[in-house]
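Note sheet for the following structure.
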Ligand code: GAR
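Residue numbers (our numbering): 68 to 272.
This is the structure in structure tokens:
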């Protein structure tokens with residue numbers, strides 16, 4: 068049987084990016100399997116989606132841990148238990164410390180709903196509208212020790228319309244997130260991503 072890359076998906080909420088990755092795997096577009104889906108929130112819809120598909124779904128509830136370090140140790144243990152190679156942050160709304168980042172160095176991806184380095188942090192779509200940006204979009208990047216600051220893998224631009232609300236812009240951006248996140252994971256699986264400083268080169272194989 069062909070080798071597959073084991074993904075660990077961390078999600079705090081709705082889980083539509085998780086779904087786009089599941090769909091890409093089921094369509095035979097990604098030589099990956101999902102080892103575990105983890106949420107920091109017991110009521111996350113992402114956990115329900117995963118459980119409905121008989122994927123291993125685990126809640127690592129931040130509230131159950133005294134410190135960030137203990138919480139992150141529990142995350143790392145769970146990911147290692149399921150032999151995860153690549154960690155996918157899919158709407159995971161927590162900042163991870165250097166301890167976690169080093170545990171999976173250059174093996175953590177995040178998706179953010181803006182064209183980084185514009186509008187990092189929370190409410191990126193609202194930030195873009197308030198700034199008056201005409202173009203926003205989404206970014207897949209490797210995670211480093213900063214917030215939304217790691218080397219950029221793929222980006223897709225999306226227009227901001229004059230009558231956009233944060234919700235309508237978020238929806239337009241989300242459609243593109245569902246395209247570029249599976250693409251970025253595919254490039255990783257095919258060993259086509261080379262990190263050189265801040266630059267991620269996409270190489271032919
Ligand atoms: C997505 O828009 C993702 O880009 C964003 O949260 C949403 C999660 O949606 N992530 C961030 O803002 C991270 N800073 P989903 O749960 O339906 O995948």
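Beta carbons are placed, not taken as given, at the ideal position from N, Cα and C, and that holds for glycine.
For residue 192, the uninterrupted alpha helix (DSSP H) run begins and ends at 191-198, by DSSP. Going by C-alpha positions, residue 271 is about 6 Å away from residue 259. Set against 7 Å, the gap from the CB of residue 178 to the closest heavy atom of the ligand GAR is smaller. Distances from the CB of residue 81 to the heavy atoms of the ligand GAR include at least one below 7 Å. The DSSP assignment places complete beta strand (DSSP E) segments of no fewer than 3 residues inside the stretch 98-122 at 99-106, in order along the chain. Relative to the ligand GAR, residue 251 has its C-beta separated by 7 Å or more from all heavy atoms.
As DSSP reads the structure, residue 263 sits in a beta bridge with 266. If you check the CB distance, residue 142 and residue 105 come in under 8 Å. Of the candidates 75, 78, 97, 71, the residue whose Cα lies closest to the Cα of residue 252 is 97. Remark: the C-beta of residue 215 is in contact range of the ligand GAR, defined as less than 7 Å to any heavy atom. In this structure, the ligand GAR has no non-hydrogen atom nearer than 7 Å to the beta-carbon of residue 212. The residue among 204, 133, 123, 134 with its C-alpha nearest the C-alpha of residue 148 is 123.
Remark: the C-beta of residue 221 is outside contact range of the ligand GAR, defined as less than 7 Å to any heavy atom. With 16 or more other Cβ atoms from the protein chains shown falling within 10 Å of its own Cβ, residue 74 counts as buried.
Exposed is the label assigned to residue 264, since fewer than 16 other Cβ atoms lie within 10 Å of its Cβ.
Take residue 180, set aside five residues on each side of it, and the residues of its chain with a beta-carbon closer than 6 Å to its own are 191, 192, 205, 240, in chain order. Within the stretch 211-239, there are no complete alpha helix (DSSP H) runs of at least 4 residues. Around the beta carbon of residue 94, fewer than 16 other beta carbons lie within 10 angstroms, which makes this residue exposed.
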